[in-house]
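To start, the structure itself, in structure tokens.
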Amino acid sequence: MDSLNIKKAAFLNKFIGFYLFAVFMLWIKTYITQVTQFNLGVEGFLQQFLLLLNPLGSAMLFLGLSFIFKGRAKYTLLVIIYSLMSILLYANTVYYRFFSDFITLPTITQTQNFGDLGGSIVSLLKPYDILFFLDVFLLIYLWLSKKIQKDNSKIRYKKAIPVIAFAIAISALNLGLANADRPQLLTRGFDRNYIVKYLGMYNYTIYDATETIKASSKRALADSDDITEVINFTKSNYAEPNQEYFGAAKDMNVIYIHLESFQNFLMNYKLNGEEVTPFLNSLIKDPNTLYFDNFFHQTAQGKTSDAEFMLENSLFGLPQGSAYITKGQNTYQAAPAILKEDGYTSAVFHGNKGSFWNRNEVYKSFGYDHFFDANYYNTSSKEDMAEYGLLDKPFFEQSLDLIKTLPQPFYSKFITVGNHFPYKMNQDLTTIGKADTGDASVDNYFQTARYADEAIEQFIAELQKSGLYDNSMLVFYGDHYGISENHNKAMEQVIGKEITPYESADLQRVPLIIHVPGMQGGVNHTYGGQIDLLPTLLHLLGIDTKEYVQFGTDILSKEHNGVVTFRNNDYVSPTIYSIDGKFYDATTGLPIDDNQLEKANEYKKEVEYKLQLSDKVVNGDLLRFYTPAGFTKVDPSQYNYNKDITEETDNEEK
Numbered sequence: 301m302d303s304l305n306i307k308k309a310a311f312l313n314k315f316i317g318f319y320l321f322a323v324f325m326l327w328i329k330t331y332i333t334q335v336t337q338f339n340l341g342v343e344g345f346l347q348q349f350l351l352l353l354n355p356l357g358s359a360m361l362f363l364g365l366s367f368i369f370k371g372r373a374k375y376t377l378l379v380i381i382y383s384l385m386s387i388l389l390y391a392n393t394v395y396y397r398f399f400s401d402f403i404t405l406p407t408i409t410q411t412q413n414f415g416d417l418g419g420s421i422v423s424l425l426k427p428y429d430i431l432f433f434l435d436v437f438l439l440i441y442l443w444l445s446k447k448i449q450k451d452n453s454k455i456r457y458k459k460a461i462p463v464i465a466f467a468i469a470i471s472a473l474n475l476g477l478a479n480a481d482r483p484q485l486l487t488r489g490f491d492r493n494y495i496v497k498y499l500g501m502y503n504y505t506i507y508d509a510t511e512t513i514k515a516s517s518k519r520a521l522a523d524s525d526d527i528t529e530v531i532n533f534t535k536s537n538y539a540e541p542n543q544e545y546f547g548a549a550k551d552m553n554v555i556y557i558h559l560e561s562f563q564n565f566l567m568n569y570k571l572n573g574e575e576v577t578p579f580l581n582s583l584i585k586d587p588n589t590l591y592f593d594n595f596f597h598q599t600a601q602g603k604t605s606d607a608e609f610m611l612e613n614s615l616f617g618l619p620q621g622s623a624y625i626t627k628g629q630n631t632y633q634a635a636p637a638i639l640k641e642d643g644y645t646s647a648v649f650h651g652n653k654g655s656f657w658n659r660n661e662v663y664k665s666f667g668y669d670h671f672f673d674a675n676y677y678n679t680s681s682k683e684d685m686a687e688y689g690l691l692d693k694p695f696f697e698q699s700l701d702l703i704k705t706l707p708q709p710f711y712s713k714f715i716t717v718g719n720h721f722p723y724k725m726n727q728d729l730t731t732i733g734k735a736d737t738g739d740a741s742v743d744n745y746f747q748t749a750r751y752a753d754e755a756i757e758q759f760i761a762e763l764q765k766s767g768l769y770d771n772s773m774l775v776f777y778g779d780h781y782g783i784s785e786n787h788n789k790a791m792e793q794v795i796g797k798e799i800t801p802y803e804s805a806d807l808q809r810v811p812l813i814i815h816v817p818g819m820q821g822g823v824n825h826t827y828g829g830q831i832d833l834l835p836t837l838l839h840l841l842g843i844d845t846k847e848y849v850q851f852g853t854d855i856l857s858k859e860h861n862g863v864v865t866f867r868n869n870d871y872v873s874p875t876i877y878s879i880d881g882k883f884y885d886a887t888t889g890l891p892i893d894d895n896q897l898e899k900a901n902e903y904k905k906e907v908e909y910k911l912q913l914s915d916k917v918v919n920g921d922l923l924r925f926y927t928p929a930g931f932t933k934v935d936p937s938q939y940n941y942n943k944d945i946t947e948e949t950d951n952e953e954k
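With the numbering used here applied, the sequence shown closes on residue 954, and no number is skipped along the way.
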């Protein structure tokens, strides 16, 4: 026993031993915290392994900063770093208990977010929280104690370099495996939960700081003169409203229904002689429904969040990552805030956690009054859950009571998730067979699309019973493609033709269906994209958009710009397609004639300039320098989507 104690003391008497002991304690504590305190959705052996691995590299690297000092200073620095990392871990634990989210730099600088905790902060503390700091106390005790001798020499490079190299190797392995399991993890920035799950709490903090600094630097360099060029462009490209439709939905409620991964080829498509979407097919034949069959998604890496970003703001998403994640604190002139001036209440309904795509923060910047996320729904039944939230039928069923609480007129959006890659569904819930291409994703796609169609039909029937249907504009839009180019061989069997670059561009069509009671409907062949939704919607509501910074134009206007810009600088139009640097005739799909080349290049320059200006607005947060007459700038601090606080506020109002 005495010899064992001597060996322990000898181990800790060397600074490298003291360092490794600290690394081990922080590694294990962080791993246990990530497993027990956060709901990260870890699945499979690889994700479990990464959750175990990621704190090790971080602990070794950060604590290894102490190697640069000598004498007692290196012990002091190690203890300070260890304590700060422990405080960071605990702060995120407490924050997560209330918000189901992680701390970001913007939430630290915006202290009102912490103010939301109010008097509830005490209730968030747990008796076992002392365990978060027992190791800190132990390390401080060893640091101050005379029971171990202090190694006052400077750490030699021969000892330090292998340790740091091993730490870097661990971190590199971690990142490589994470990217293999979740491609584009850092560039797309799906959700803070994903970053923590794959890279760990401490690497998440570095990632968040890096993204915040990058965003802030571009914003810091912008000034009020930068908005002038943008305003000149948007005003010169403004399209006068079509008087036949202007105000057709004036003072009506707005109900957006987000069709997840819904491509337009599904409309009127028959699988083995059976309609895949019978309800939506019947809806587009309604005399009060406009159906746009040349409407394209314009999303990039942000996918769903890009689609939302465009329809709310008529600004393009970013070329990399998601504006929802990196530009959530910007100033916007979004639909909810514009309509608030006309007395509209606004709300989003989504059966997933609010932090996904940073919605619980960015919606505040848009001016949404309410965000009914998973906390407002009963998600206890596994049979009712999809990978990304509540399945569409129970989602719509539970949403009915929520929407009835909104004062009218209201602007609302329902985000569905049932028709989401990889399109797996409990076969007891399906009412149509699979396709037979041999590609599982393509074959399953029709079943989940049918399920979504049935859920929407049931929801519309309930809206009709409630009376809301007769005083509401319904807008159905597809957010992005469902079947990627990786499945072109299977898709060729589905559409019955070879998928050339031209055909691939055509497959980027998504449905746009607008139903307004009393409005003259029909099929509209105008070329348009998601960037055009906001001005179209506002003109239907009788609100002119000329003074707003919007890069889309009213699809119903006779002056509408039919050149549909894709985020990668490609475009489609009624006459010319530009795909991967080549130009095609929009009618035949063949390369264009030389006499069309000048027009094709003219469109190309227009597309590039439009994207450049939109990025300038988003990256520079330029709308903070311009407030249109009659518009009230949004104050995000005025919004809180926490269920308990929302219910208390509603009760006080009653």
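The beta-carbon is built from N, C-alpha and C at its ideal position, and this holds for glycine as well.
**Request:** Just grab the DSSP bridge partners of GLY829 for me.
**Result:** In the sequence shown, residue 829 corresponds to position 529, counting from 1. Beta-bridge pairing links GLY829 to PHE596.
**Message:** Can you tell me where the beta strand (DSSP E) holding LEU812 begins and where it ends?
**Reply:** Mapped onto the sequence shown, residue 812 falls at position 512. Element bounds for LEU812: 812-815.
**Message:** Within a Cβ cutoff of 8 Å, which residues of the same chain sit near PHE311, ignoring the five residues on either side of it in sequence?
**Reply:** Here residue 311 corresponds to residue number 11 of the sequence shown, with the count starting at 1. The residues are GLY317, PHE321.
**LEU774 - partner residues in DSSP beta bridges** = Taking the sequence shown and counting its residues from 1, one reaches residue 774 at position 474. Bridge partners of LEU774: ILE555, HIS815.
**Request:** In the DSSP assignment, find the unbroken alpha helix (DSSP H) run with TYR711 in it and report its ends.
**Result:** The residue given as residue 711 occupies position 411 in the sequence shown. For TYR711, no alpha helix (DSSP H) segment is defined; the enclosing uninterrupted segment is the beta strand (DSSP E) at 710-715.
**Request:** Report the three-state DSSP secondary structure of LEU356 (helix, strand or coil).
**Result:** What you label residue 356 is simply residue 56 of the sequence shown in a count that begins at 1. When DSSP states are grouped into helix, strand and coil, LEU356 belongs to the helix group.
**Request:** Return the chain-ordered ranges of every alpha helix (DSSP H) run that is complete within the region 486-555 and spans a minimum of 4 residues.
**Result:** If we require 4 residues or more, the alpha helix (DSSP H) runs fully inside the region 486-555 come out as 492-499, 501-521, 526-536.
**Asked** According to the Cβ coordinates, are GLU762 and PHE696 closer than 9 Å?
**Response** The count along the sequence shown starts at 1 and reaches residue 762 at position 462. The count along the sequence shown starts at 1 and reaches residue 696 at position 396. Going by C-beta atoms, GLU762 is nearer than 9 Å to PHE696.
**Prompt:** Taking the alpha-carbon positions, what's the MET360 to PHE437 distance?
**Reply:** Position 60 of the sequence shown, counting from 1, holds the residue named residue 360. Position 137 of the sequence shown, counting from 1, holds the residue named residue 437. Looking at the two C-alpha atoms, the distance is approximately 20 Å.
**Request:** Using the DSSP secondary-structure output, state which residues sit across from PRO936 in a beta bridge.
**Result:** Sequence index remark: in the sequence shown, residue 936 carries index 636 (1-based). BP columns for PRO936 are empty, so no partner.
**Close Cβ partners of ALA674 (< 8 Å) along its chain, the five nearest in sequence each way excluded** = In the sequence shown, residue 674 corresponds to position 374, counting from 1. Listed in chain order, the non-local C-beta contacts of ALA674 below 8 Å within the same chain comprise HIS650, GLY651, ASN652, LYS653, GLY654, GLY689, LEU690, local neighbours out to five positions each way being set aside.
**Item:** Residue closest to LYS910, alpha-carbon to alpha-carbon, out of LYS882, LEU838, ILE831
**Value:** Here residue 910 refers to the residue found at position 610 when the sequence shown is read from its first residue. The candidate whose alpha carbon is nearest that of LYS910 is ILE831.
**Message:** Just to confirm the assignment, what range does the alpha helix (DSSP H) spanning TYR331 have?
**Reply:** Residue mapping note: residue 331 aligns to position 31 of the sequence shown, counting from 1. In this chain, the alpha helix (DSSP H) harbouring TYR331 covers 315-336.
**Prompt:** Does DSSP put VAL849 in a helix, in a strand, or in coil?
**Reply:** The sequence position of residue 849 within the sequence shown is 549, counting from 1. Coil.
**Prompt:** In this structure, does DSSP put LEU417 in helix, strand or coil?
**Reply:** For the purposes of this step, residue 417 is taken as the residue at position 117 of the sequence shown. Summary for LEU417: the model assigns pLDDT 42, below 50, so the residue's position carries little reliability; its value from the coordinates is reported in the next sentence. DSSP places LEU417 in coil when its eight states are reduced to three.
**Asked** Which residue from ARG809, ASN493, VAL794, ALA805 puts its Cα closest to that of ASP779?
**Response** Sequence index remark: in the sequence shown, residue 779 carries index 479 (1-based). If we check each option's Cα against that of ASP779, ARG809 comes out closest.
**Item:** Beta-carbon proximity list for GLY718, same chain, < 6 Å, skipping 5 on both sides
**Value:** In the sequence shown, counting from the first residue as 1, residue 718 sits at position 418. Hits under 6 Å: ALA686, LEU691, ASP692, THR748, TYR751, ALA752.
**Item:** Supposed contact pair ARG492 and ASP401 - C-beta distance, whole angstroms, cut 8 Å
**Value:** Position 101 of the sequence shown, counted from the start, is the residue given in the question as residue 401. Position 192 of the sequence shown, counted from the start, is the residue given in the question as residue 492. About 6 Å; that satisfies the 8 Å criterion.
**Request:** Just the C-alpha distance for LYS585 and TYR498, rounded to the nearest angstrom, thanks.
**Result:** Taking the first residue of the sequence shown as 1, we reach residue 585 at position 285. Taking the first residue of the sequence shown as 1, we reach residue 498 at position 198. Straight-line Cα distance between these residues: approximately 47 Å.
**Euclidean distance between Cα positions of GLN758 and GLN764** = For this step, residue 758 is matched to residue 458 along the sequence shown. For this step, residue 764 is matched to residue 464 along the sequence shown. Here the alpha carbons of GLN764 and GLN758 stand approximately 10 Å from one another.
**Asked** So, using beta-carbon positions, are SER358 and MET501 closer together than 9 Å?
**Response** To locate residue 358, count along the sequence shown from 1; it is residue 58. To locate residue 501, count along the sequence shown from 1; it is residue 201. In contact: SER358 and MET501 (Cβ atoms closer than 9 Å).
**Item:** Residue span of the alpha helix (DSSP H) that contains ILE756, given as start and end
**Value:** Counting from 1 along the sequence shown, the entry for residue 756 is found at position 456. Its alpha helix (DSSP H) spans residues 740-766.
**Asked** Going by other Cβ atoms of all chains shown within 10 Å of its Cβ, with 16 needed for buried, is LYS640 buried or exposed?
**Response** Sequence index remark: in the sequence shown, residue 640 carries index 340 (1-based). With a 10 Å radius around the Cβ and a threshold of 16 neighbouring Cβ atoms, LYS640 comes out buried.
**Prompt:** Under three-state DSSP, which class holds PRO462?
**Reply:** Counting from one through the sequence shown, the residue named residue 462 turns up at place 162. Looking at PRO462 - three-state DSSP - the assignment turns out to be helix.
**Continuous beta strand (DSSP E) stretch holding ILE876: start and end** = For the purposes of this step, residue 876 is taken as the residue at position 576 of the sequence shown. Counted as a single uninterrupted DSSP element, the beta strand (DSSP E) harbouring ILE876 occupies residues 876-879.
**Request:** Determine the DSSP secondary structure at MET791, reduced to helix, strand or coil.
**Result:** As a working note, residue 791 is residue 491 in the sequence shown. Helix at MET791.
**Straight-line Cα distance separating GLY829 from GLN563** = Position 263 of the sequence shown holds residue 563. Position 529 of the sequence shown holds residue 829. The alpha-carbon of GLN563 is positioned some 13 Å away from that of GLY829.
**Message:** Is it buried or exposed, ILE703, if we count other Cβ atoms within 10 angstroms and call 16 or more buried?
**Reply:** Counting from 1 along the sequence shown, the entry for residue 703 is found at position 403. Buried.
**Asked** Should the region 664-680 be called in touch with the region 739-748, which here means at least 3 C-beta pairs below 8 Å?
**Response** Short answer: they don't touch.
**Message:** If you follow the alpha helix (DSSP H) that VAL436 is in, where does it begin and where does it stop?
**Reply:** By 1-based counting over the sequence shown, the position of residue 436 is 136. Counted as a single uninterrupted DSSP element, the alpha helix (DSSP H) harbouring VAL436 occupies residues 431-444.
**Asked** Applying the criterion that 16 or more other CB atoms from any shown protein chain within 10 Å of the CB defines a buried residue, is ALA465 buried or exposed?
**Response** The residue you call residue 465 lines up with position 165 of the sequence shown. Its Cβ having fewer than 16 others within 10 Å, ALA465 is exposed.
**9 Å Cβ cutoff met for MET325 and LEU439** = As a working note, residue 325 is residue 25 in the sequence shown. As a working note, residue 439 is residue 139 in the sequence shown. Yes; because the gap between Cβ atoms is below 9 Å, this pair is in contact.
**Request:** Would you mind working out which of LYS446, ASP451, ALA548, ILE461 sits nearest HIS815, comparing C-alpha positions?
**Result:** As a working note, residue 815 is residue 515 in the sequence shown. The residue with the shortest Cα to Cα distance from HIS815 is ALA548.
**Asked** For ASN658 versus ILE625, is the C-beta distance shorter than 9 Å?
**Response** For the purposes of this step, residue 658 is identified with residue 358 of the sequence shown, where counting begins at 1. For the purposes of this step, residue 625 is identified with residue 325 of the sequence shown, where counting begins at 1. The answer is yes: Cβ separation under 9 Å.
**Prompt:** CB ALA600 to CB PRO587, shorter than 9 Å?
**Reply:** What you label residue 600 is simply residue 300 of the sequence shown in a count that begins at 1. What you label residue 587 is simply residue 287 of the sequence shown in a count that begins at 1. ALA600 is not a Cβ neighbour of PRO587, given a cutoff of 9 Å.
**Item:** Where GLU859 falls: helix, strand or coil (DSSP)
**Value:** For the purposes of this step, residue 859 is identified with residue 559 of the sequence shown, where counting begins at 1. Three-state result, GLU859: coil.
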